[in-house]
Structures are given as structure tokens and as C-alpha cells.
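> For the sequence shown, the numbering used here gives the first residue as 8, with consecutive numbering after it.
Quick one: the structure is below, questions incoming.
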Amino acid sequence: MDIISNSELQKNIGKISKNIEHDYFTITNRGMPKMVLLPYFAKGSDLVDDYMESYEIFINQEKLQKQAKEALNSGLSDFEI
8 MDIISNSELQ KNIGKISKNI EHDYFTITNR GMPKMVLLPY FAKGSDLVDD YMESYEIFIN
68 QEKLQKQAKE ALNSGLSDFE I
């Protein structure tokens, strides 16, 4: 893994696109990690979808825990099938 700034990415995109086959890059903005640049491979989009789902759960963890607690505390539903 290489860590590079957003500016370095913009200046060296050609070189980076050649090296991406062998490594991945963490891109920073003002010193803070902001994104990851990964090599492409066929059928890899499923893995990216899984990552994005995990990312969204991580980002919304507090909200999801609160909703789950409220649902649990509300008791059983009267809904019948």
C-alpha cells in the first residue's frame, strides 16, 4: 500500500495507473485519508459492493443501533399474515 496526497495523484496519474496492478493506494487530502484506489479485475464489482455496504454500516452504526433498540423496545407487532 502506498499513501499519496490528492495532489500527487493528479500529478502522477499515468505512473500510478501503471503501478496499480501491483499495489493499491490510499489517497489523502490535507493529511487525512479520504479514498482508496484499487486495481480493477473482472467481477470485482461484487467485492466493491460488499465493501461499500460495510462502509455504510460503519458510518451509520450509531443510527442503526438506535433504530434497532427502538424496534426491540416497541415489542411485538399486531400484524398477522
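We put the beta carbon where it would ideally sit given N, CA and C, even for glycine.
Report yes if the CB atom of Asn67 is closer than 8 Å to the CB atom of Thr35, and no otherwise.
Indexing the sequence shown from 1 puts residue 67 at position 60. Indexing the sequence shown from 1 puts residue 35 at position 28. Taking 8 Å as the Cβ cut-off, Asn67 and Thr35 do not qualify as a contacting pair.
> For Asp57, which of helix, strand or coil comes out of DSSP?
Position 50 of the sequence shown, counted from the start, is the residue given in the question as residue 57. In this structure, Asp57 counts as helix in the three-state DSSP scheme.
> Considering only residues of the same chain and omitting the five flanking positions on each side of Ser61, which have a CB-CB separation below 7 Å?
Here residue 61 is taken as the residue at index 54 of the sequence shown, counted from 1. If we look at Ser61 and ignore the five residues flanking it on each side, it has no Cβ neighbours.
> Apply the 10 Å Cβ neighbour rule to Phe32 and answer buried if 16 or more other Cβ atoms are within range, or exposed otherwise.
Your numbering for residue 32 matches position 25 in the sequence shown. With 16 or more Cβ atoms within 10 Å of its Cβ, Phe32 is classed as buried.
> Hey, would you say Glu28 sits closer than 8 Å to Pro46, going by beta carbons?
By 1-based counting over the sequence shown, the position of residue 28 is 21. By 1-based counting over the sequence shown, the position of residue 46 is 39. Result yes, Cβ atoms of Glu28 and Pro46 sit closer than 8 Å.
> I need the DSSP call for Lys41, collapsed to helix, strand or coil.
As a position in the sequence shown, residue 41 is number 34, starting the count at 1. Correct three-state label for Lys41: strand.
> Using the three-state DSSP reduction, which class does Phe65 fall into: helix, strand or coil?
Within the sequence shown, residue 65 is the residue found at index 58, counting from 1. Residue state, collapsed to three classes: helix.
> Determine whether the beta carbon atoms of Asp30 and Asp9 lie at a separation below 8 Å.
Here residue 30 corresponds to residue number 23 of the sequence shown, with the count starting at 1. Here residue 9 corresponds to residue number 2 of the sequence shown, with the count starting at 1. Closer than 8 Å, so yes.
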